[in-house]
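Written out below as structure tokens is the structure these notes cover.
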Amino acid sequence: MQAMVSPRPGIHVQEHTIVKPIAPVHQLAQYKELHQYSLENSDEFWRREAHKYLKWFSDFDRVSQGSFIEGDVAWFLNGKLNASVCCIDQHLPHRQDQVAILWEGDEPGHCRSITYKELYRDVCRLANAMKAMGVRRGDVVMLYLPMVPEVVMAMLACARIGAPHSVVFAGFSAEALRDRINDTNSKWVMTTDEGKRGGKTLPLKQIVDKALKEAPSVQHCFVFERTGAPVDWVPGRDVKMSEVMAQQRPYSPAETMDSEDLLFILYTSGSTGKPKGVAHTTAGYLLFAAMTHKTVFDLQEGDVYACVADCGWITGHSYIVYGPLVNGATTLLFESIPTYPNHCRYWDLIQRHRVTQFYTAPTAIRALMRYGTEDIASFDRSSLRVLGSVGEPINPEAWKWYFEHVGNARCTIVDTWWQTETGGHLASPLPGVTPMKPGSCTLPFYGVELALIDPSTGQELAGNDVEGVLCVKRPWPSMTRTVFGDHARYLTVYMQPYKGYYFTGDGARRDADGYYWITGRVDDVLNTSGHRIGTAEVESALVGHAAVSEAAVVGFPHAVKGEGICCFVTLREGVFESPALEKELKQAVRDAIGAFATPDIVCPTPSLPKTRSGKIMRRVLRKIASGESDSLGDVSTLADPSVVPYLITAIALKV
Ligand code: WT7
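Counted from 1, the sequence shown has number 628 at position 628 by full-length UniProt numbering; the numbering is strictly sequential.
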């Protein structure tokens, strides 16, 4: 690990210029050398790292196998381990009394510290409780949990007994939860009575009850208490987890798992169809999460590391739970939101817990920028060393604000580019190593080989100063191995677009220094407030409403969310547009997906711009929604060009 060089004051940051607050150039040369080595001697490189980070029951006999072309990638073959042992047991000899989880509840200062030893005991009790209720190795367990310590315990308890978990973000609706349960055919769902977030109460058990009405596979609903509020109870099905756990001994033998056994499934949106169950396996995922966590965040003994994402997303899996715990870190679990009880919540959190690394999304930074910088200055942020950004491109303005006002121009900003499917960071600056450029995720991580492809020719673009579709050129340990229950879809979505490459769905530019700049999704996936939403899912929710005959959904630039959601709908005969109907349609999307997918604009229209062959011209709709109607391009091929001026006016009235 590179030591942090003392900060230099008064650094002026300019767009597209290199910022080197803590990065002597010779360090970059060392990175380049090691990166080169990791590619040329891949097996040796990864063998050494796998032995360093993970606790093995028995060693693997081959480092890697398979290719993108065949879609049969496997790592650390025949190795035996258990993820919960890597996260907990391996640390007990030397850090059993160190805090593993530092929980900050919804109310400021409402905290719980859980040491590694306490975590061990609770995970064992929970593992035993699940076994007592019938959960077996290989069973998928759905976790619909808020940000309470039990979500981490549940993930690890599942890992301990060899039951893959599938965490569903507790902001998803009952319908979305139901669909995910039915896709896995799971027998087990875990939740809390209620959740607390930003002073509001979330009726989680009630949402689960609704979902379970149409999820016949479920045998038991395991319920933890968060608020203690009375909830409806289905005798025989619902299980009070605190009672079952109290009867269990705090020891539970860990299942011996293979490197390639499924660790978890996490649903994510794609450009078409229903969400995909992205499957991650044990050893490669854990290793890459741990190694990137340690390297990208420059983890040191005594650090208090805080990622304020939710465990319902991959960021929470890799960088709240698995990465930090494999590294024996103290990981903060944050239940609340950045603006509760006021806009200083993050700064207060950093000051009180003396946070050393802070990891959030550009959308949160942009939302907080609106409150100015005076208040931040009154909080002590001197503990901070590394500031992380994730989920969407960070605009240079937000980058500079984060750098100057949160980090006092003396912290490294790590703009981490990755995806649910990649399991961990594929590109990011390394503190003390990579000179930063505001808005660039800079260079690939060790062992990662990125490529840009010209979408019109399918050919890889050589050299620098090029722009294309971002692909990965060789397998890495934490890449998704399959789409749960649909390997053909896995091949279609990721492996077939460009033969021999993994297709990310992102566009990117490689500048003259070889730095990567993500330009955004090239497919029909929206990124709103760092949440990934398929336009097809929103459209399907809209046409599910009796008033709608056709829908087309596009993104548009949004000052805080990054991308806003704009829905064009044609209504059925005899239905007339009204503010009440627009509200109802927004509600239909919330019901189908969740509140985070609420459309910003619903625009009824007599027709949609289509080609003569009936294909909706999304390109035109995107331009109209973005207010770029002066650069619509050729609309002469439209079946009915008259709809274009109508839509331009209609949108102008909405924004
Ligand atoms: C998509 C993946 C990765 C965890 C959170 C989101 C976008 C992510 C960055 C970044 C530019 C980024 C990409 C990617 N994205 N990080 N640092 N710079 N874009 O995971 O929901 O799987 O979404 O988020 O478009 O493909 P996800």
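Each residue gets a CB set at the ideal place from its N, CA and C atoms; glycine is no exception.
Just so we're clear, the structure is a prediction, and the values are computed from it rather than from any experiment.
Straight-line gap, residue i to residue j (C-alpha atoms, nearest Å)
i              : j                 : result
glycine 633    : valine 620        : 8 Å
glycine 458    : glycine 507       : 14 Å
valine 135     : tyrosine 31       : 45 Å
lysine 586     : valine 231        : 28 Å
valine 390     : alanine 215       : 34 Å
glutamine 206  : phenylalanine 45  : 49 Å
glycine 105    : glycine 66        : 44 Å
threonine 637  : arginine 612      : 7 Å
glutamate 460  : proline 235       : 60 Å
arginine 410   : alanine 547       : 55 Å
serine 631     : cysteine 471      : 29 Å
arginine 95    : alanine 329       : 10 Å
isoleucine 593 : glutamate 421     : 20 Å
proline 324    : aspartate 591     : 34 Å
arginine 237   : proline 275       : 27 Å
residue 662    : phenylalanine 576 : This structure leaves residue 662 out entirely; the chain is present only between 1 and 655.
threonine 649  : proline 604       : 12 Å
proline 557    : isoleucine 69     : 36 Å
tyrosine 120   : glycine 277       : 29 Å
serine 259     : alanine 283       : 5 Å
valine 569     : arginine 178      : 26 Å
alanine 597    : phenylalanine 169 : 13 Å
serine 64      : glutamate 449     : 16 Å
valine 525     : glutamine 247     : 47 Å
isoleucine 616 : leucine 143       : 38 Å
leucine 426    : valine 493        : 19 Å
Distance CB(residue i)-CB(residue j) smaller than 8 Å
i              : j              : result
isoleucine 181 : proline 149    : no
serine 336     : glycine 109    : no
aspartate 523  : glycine 505    : yes
leucine 332    : valine 296     : no
proline 468    : proline 455    : First, the amino acid is wrong: residue 468 is glycine here, not proline. Yes. Within cutoff.
serine 186     : valine 218     : yes
valine 406     : arginine 381   : yes
asparagine 423 : tyrosine 285   : Reading off the sequence shown, one finds glycine at residue 423, where the question assumed asparagine. Yes; because the gap between Cβ atoms is below 8 Å, this pair is in contact.
glycine 388    : threonine 416  : yes
residue 662    : histidine 91   : The requested residue 662 is not part of the displayed model; the chain covers only 1 to 655.
glycine 162    : arginine 137   : yes
threonine 528  : glycine 564    : yes
glutamate 550  : valine 560     : no
asparagine 327 : histidine 280  : no
proline 362    : isoleucine 314 : no
glycine 562    : glycine 270    : no
alanine 50     : leucine 287    : yes
tyrosine 516   : threonine 434  : no
isoleucine 453 : tyrosine 498   : yes
methionine 241 : alanine 129    : yes
Helix, strand or coil at residue i [DSSP, three-state]
i              : result
asparagine 527 : strand
threonine 188  : Here residue 188 is tryptophan; the residue named in the question, threonine, does not match the sequence. Tryptophan 188: strand per DSSP, three-state reduction.
serine 242     : helix
methionine 142 : strand
threonine 360  : strand
isoleucine 320 : helix
lysine 131     : helix
isoleucine 513 : It is aspartate, not isoleucine, that sits at residue 513 in the sequence shown. Residue state, collapsed to three classes: coil.
leucine 34     : helix
glutamate 550  : strand
leucine 28     : helix
aspartate 348  : helix
histidine 558  : strand
tryptophan 46  : helix
leucine 653    : helix
alanine 309    : coil
alanine 536    : helix
leucine 491    : helix
leucine 542    : helix
valine 522     : coil
residue 656    : Here the chain covers residues 1 to 655 and nothing more, so residue 656 does not appear.
- Minimum length 3: unbroken beta strand (DSSP E) runs contained in the region 144–225: 165–167, 188–192, 195–197, 200–202 and 220–224
- Task: Let me know the beta strand (DSSP E) ranges lying completely inside the region 561–648, each 3 residues or longer, listed in chain order.
- Result: 562–571 and 601–604
- Item | Contained beta strand (DSSP E) runs [length at least 3] in the region 220–300, N- to C-terminal order | 220–224, 238–240, 262–268 and 276–281
- Item | 3-residue-minimum beta strand (DSSP E) runs that sit fully inside the region 70–138, ordered along the chain | 74–77, 99–104 and 111–115
- Item | Ranges of the alpha helix (DSSP H) found wholly within the region 382–469, counting only runs of at least 4 | 396–401
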